[in-house]
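In the order they appear, the protein sequences are chains A and B. Residues in the first sequence are numbered from 527 upward in steps of one, following this note's numbering. Residues in the second sequence are numbered from 305 upward in steps of one, following this note's numbering. Remarks on the structure that follows.
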Amino acid sequence: MARPKKLRKLKNPPIVKGFSPIGKATGKGQEPILINYDEYEALRLADYNMSNHLQASVKMQISRATFTRIYAHARRKLATALVEGRPILFQGGPVYFDSQWHYCRQCPCYFNHLEKDEKTIACPLCLSTDITSCKEKIF
Amino acid sequence: MKIAITSSGNSPDSVMDSRFGRCMYFVFYDTKTGAMEFVPNPNKDAIEGAGPASVQLVASKGVDKVISGEFGNKVKALFDSLKVQLIIPENPSLTINQIVDKFVKQQK
Chain A
527 MARPKKLRKL KNPPIVKGFS PIGKATGKGQ EPILINYDEY EALRLADYNM
577 SNHLQASVKM QISRATFTRI YAHARRKLAT ALVEGRPILF QGGPVYFDSQ
627 WHYCRQCPCY FNHLEKDEKT IACPLCLSTD ITSCKEKIF
Chain B
305 MKIAITSSGN SPDSVMDSRF GRCMYFVFYD TKTGAMEFVP NPNKDAIEGA
355 GPASVQLVAS KGVDKVISGE FGNKVKALFD SLKVQLIIPE NPSLTINQIV
405 DKFVKQQK
């Protein structure tokens, strides 16, 4: 039996579910290309954020070699979709999402924060800003 | 905005349920209209997969925030990918009314 795949860490899921080609072949029994979430994340880190494979692999908590393999897969799938004019679907893959947990001292309650780009974080229950981030998972 | 709260009874005075997948009732509260809906949990007695099934039920209502006492690992990952915020109050004896009041106060 093959060794189970390590889970890859993702910042956010893609903002769209996929892409479809424009033109003649649109939706005519075209088998969509399935791009896994980990492959999407590899593309995002390497080609969009322009980080090198080592930095990117640390972010996804996998080894450098694994990252390069995932990235190569992603490039190939993307190229196939472009050349053959096939739709792209983002789906599945051995991933987990990076959610940051915070603790509100006023309520008190724990909550996670999804808008990672937002700087000011307020408690969703009492709107107080008296919060700390918890590094370890207590629950 | 819609909020889901897990409840141990079907009245606003009942205490929040500390489990998510196998809670007795789900309360769906709409902050805009103030409407409150109690839905009995069909996965209450499920042997396996109660969490993901409950996530599906809650997500089908278009909820932005979920309040419960505890979330399993599968549930947390699912809600993360659906962009639903999870809130875990530390005081387990909060009633549904008390939680809803906090959201009513926010609006003012």
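Every residue, glycine too, gets a C-beta built ideally from N, C-alpha and C. Owing to the predicted nature of the structure, the values given are computational and were not obtained by experimental measurement.
Query: Cut-off 7 angstroms between Cβ atoms - residues of its own chain near residue 420 of chain B, not counting five sequence neighbours on either side; Result: Because residue 420 of chain B is not part of the residues shown, which for chain B are 305 to 412, the question remains open.
Query: Euclidean distance between Cα positions of residue 562 of chain A and residue 601 of chain A; Result: 12 angstroms
Query: Beta carbon of residue 306 of chain B nearer than 7 angstroms to that of residue 367 of chain B; Result: yes
Query: For residue 395 of chain B, three-class secondary structure by DSSP; Result: coil
Query: Residue 386 of chain B to residue 609 of chain A span [Cα, whole Å]; Result: 31 angstroms
Query: Rounded straight-line distance, which links the Cα of residue 327 of chain B to that of residue 350 of chain B; Result: 11 angstroms
Query: Contacts around residue 324 of chain B, its chain only, beta-carbon distance under 8 angstroms, and the 5 residues preceding and following it disregarded; Result: 310, 355, 358, 370, 372, 373, 374, 375, 376 and 379
Query: Selected residue, minimal CA-CA separation from residue 318 of chain B, among B:404, B:409 and B:388; Result: B:404
Query: Nonlocal neighbours in the same chain, by C-beta distance under 8 angstroms from residue 565 of chain A, ignoring five residues either side; Result: 596, 597, 599, 600, 603 and 619
Query: Contact with chain B by residue 566 of chain A, beta-carbon distance below 7 angstroms; Result: no
Query: Helix, strand or coil at residue 535 of chain A [DSSP, three-state]; Result: strand
Query: Spatial distance of residue 389 of chain B from residue 637 of chain A (CA atoms); Result: 7 angstroms
Query: Range covered by the alpha helix (DSSP H) that runs through residue 341 of chain B; Result: Counting along the chain, residue 341 of chain B falls outside any alpha helix (DSSP H), though it belongs to the beta strand (DSSP E) covering 340-344.
Query: Residue 399 of chain B to residue 612 of chain A span [Cα, whole Å]; Result: 52 angstroms
Query: C-beta neighbour in chain B for residue 616 of chain A, strict 7 angstroms; Result: no
Query: Whole-angstrom distance between residue 621 of chain A and residue 587 of chain A, CA atom to CA atom; Result: 11 angstroms
Query: Host alpha helix (DSSP H) of residue 638 of chain A (start-end); Result: Where residue 638 of chain A is concerned, there is no enclosing alpha helix (DSSP H), although the beta strand (DSSP E) it sits in stretches over 635-639.
Query: Beta strand (DSSP E) segment containing residue 560 of chain A, residue limits; Result: 559-561
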